[in-house]
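In my numbering, the protein residues as written are 15 to 227.
Printed below as a string of structure tokens:
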């Protein structure tokens, strides 16, 4: 068993979540509210380690009313500054890593533990195994917010249920892709079902909701 998994991202017209200099302010106030309402409806928010280091997000509920979800990240190195936001403000944060990484970086692990971070050690950082472990911890709904590599890993492993995408009226031409991986062969590419499409209240963005077939 695994939780219900929703992938949410806001992208440029050309599918970028950040520019080549890592500028990533794409969401209008309505889109931020949409994301934060969704945070109140899940048990955990998951992001990759690069998102934690580069964006330094708090992953809290700010633009809606409701409880804060657990924060989850994945790291093969544990190379985090323990003063990053998700380790410094409530609620709980879980970090997934491998046995090898834990043994190589035990000092880093202990620094994080002192901040109240829960470290889960696995043989392999598989999306499906992480999802199953979170389910066993009582997490029934997960929101994945990025980055591109993390989103790719969950899609590649067919470990998701919905993708919700907001398209911002910007073009970066280069930068960080919303899905960043080795890619599928054309015939193997998954096909999704579009279940909702609406123009944002700002009249500049489009929000799309896809379900896995």
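Ideal Cβ positions, reconstructed from N, Cα and C, are used throughout, including at glycine.
Residue i (DSSP reduced to helix, strand or coil)
i, result
"residue 16", "coil"
"residue 54", "helix"
"residue 61", "strand"
"residue 27", "coil"
"residue 176", "strand"
"residue 159", "strand"
"residue 210", "strand"
"residue 224", "strand"
"residue 203", "coil"
"residue 190", "strand"
"residue 168", "helix"
Residue burial classification, residue i (beta-carbon count within 10 angstroms, cutoff 16)
i, result
"residue 219", "buried"
"residue 36", "exposed"
"residue 213", "exposed"
"residue 24", "buried"
"residue 160", "buried"
"residue 113", "exposed"
Pick from the options that is closest to residue i, judged by C-alpha positions
i, options, result
"residue 56", "158, 76 and 202", "158"
"residue 75", "59, 224, 124 and 192", "59"
"residue 67", "44, 96 and 114", "96"
"residue 170", "141, 101 and 77", "141"
"residue 191", "33, 182 and 118", "33"
"residue 54", "156, 71 and 43", "156"
"residue 1", "41, 200, 227 and 147", "Any property of residue 1 remains undetermined from this structure, which presents the chain solely from 15 to 227."
Residue i at chain B interface by Cβ criterion, 8 Å
i, result
"residue 48", "Chain labels in this structure do not include chain B; a single protein chain is all it has."
Beta-carbon separation (whole angstroms), residue i vs residue j, contact threshold 8 Å
i, j, result
"residue 122", "residue 98", "12 Å between Cβ atoms; not a contact."
request  = Could you tell me which uninterrupted beta strand (DSSP E) segments, each at least 3 residues in length, are contained entirely in the stretch 79 to 143, listed from first to last along the chain?
outcome  = 84 to 88, 107 to 112 and 132 to 136
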